[in-house]
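Enquirer:
Numbering (the working numbering), first residue to last: 11 to 142.
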């Protein structure tokens, strides 16, 4: 798709989203997403960033966590998403005390952030954020 056409299409989509959001109440939707990769070359990671950027016009605010790189943090900031330090620990009987501590940290973060939606992107077995 030529760049000019893509730019026009993106502007048209933004205008549609903005007009749709006028019909919605002023409550902001807070979404917490944990990604399992910060590789900016793969689809799922870019999908989260695209969703954060495009839904900002509706009043949604995305907070992204996981094993994030500095490059990912900069890109998220550029697209209007916040990032926090926090990564789930996968369930393991051998490391149960560490898992329990991770769940407790996530409970504290969730109390502070108070997200409306928590999305785990490609979680492993029993992520501590999911348990919290």
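In this text, a Cβ means the ideal position worked out from N, Cα and C, and glycines have one as well.
Keep in mind it's a predicted model, so treat the numbers as computed, not measured.
Flag this pair as touching only if the region 70-77 and the region 106-118 have three or more C-beta atom pairs under 8 Å; answer yes or no.
Expert: No, the region 70-77 is not in contact with the region 106-118.
Enquirer: With distances taken between CB atoms, is the gap from residue 96 to residue 63 smaller than 7 Å?
Expert: Taking 7 Å as the Cβ cut-off, residue 96 and residue 63 do not qualify as a contacting pair.
Enquirer: Considering residue 55, what are the terminal residues of the alpha helix (DSSP H) in which it resides?
Expert: Looking at the DSSP string, the run of the alpha helix (DSSP H) that includes residue 55 is 53-65.
Enquirer: With DSSP as the reference, please indicate the residues paired to residue 74 in a beta bridge.
Expert: Note: residue 74 sits in a beta bridge opposite 43, 93.
Enquirer: For residue 61, which residues of its own chain have a beta-carbon under 8 Å away from its beta-carbon, when the five flanking residues on both sides are left out?
Expert: So the qualifying residues of the chain are 72.
Enquirer: Could you give the DSSP three-state label for residue 130: helix, strand or coil?
Expert: Looking at residue 130 - three-state DSSP - the assignment turns out to be strand.
Enquirer: Should residue 149 go down as buried or exposed, given a rule of 16 or more other Cβ atoms within 10 Å for buried?
Expert: Past the boundaries of the shown model lies residue 149; the chain is included only from 11 to 142, so the question cannot be answered.
Enquirer: Note down, in chain order, each residue of its chain lying with its Cβ closer than 6 Å to the Cβ of residue 66, except the 5 sequence neighbours on either side.
Expert: Closer than 6 Å at Cβ, skipping near neighbours: 90.
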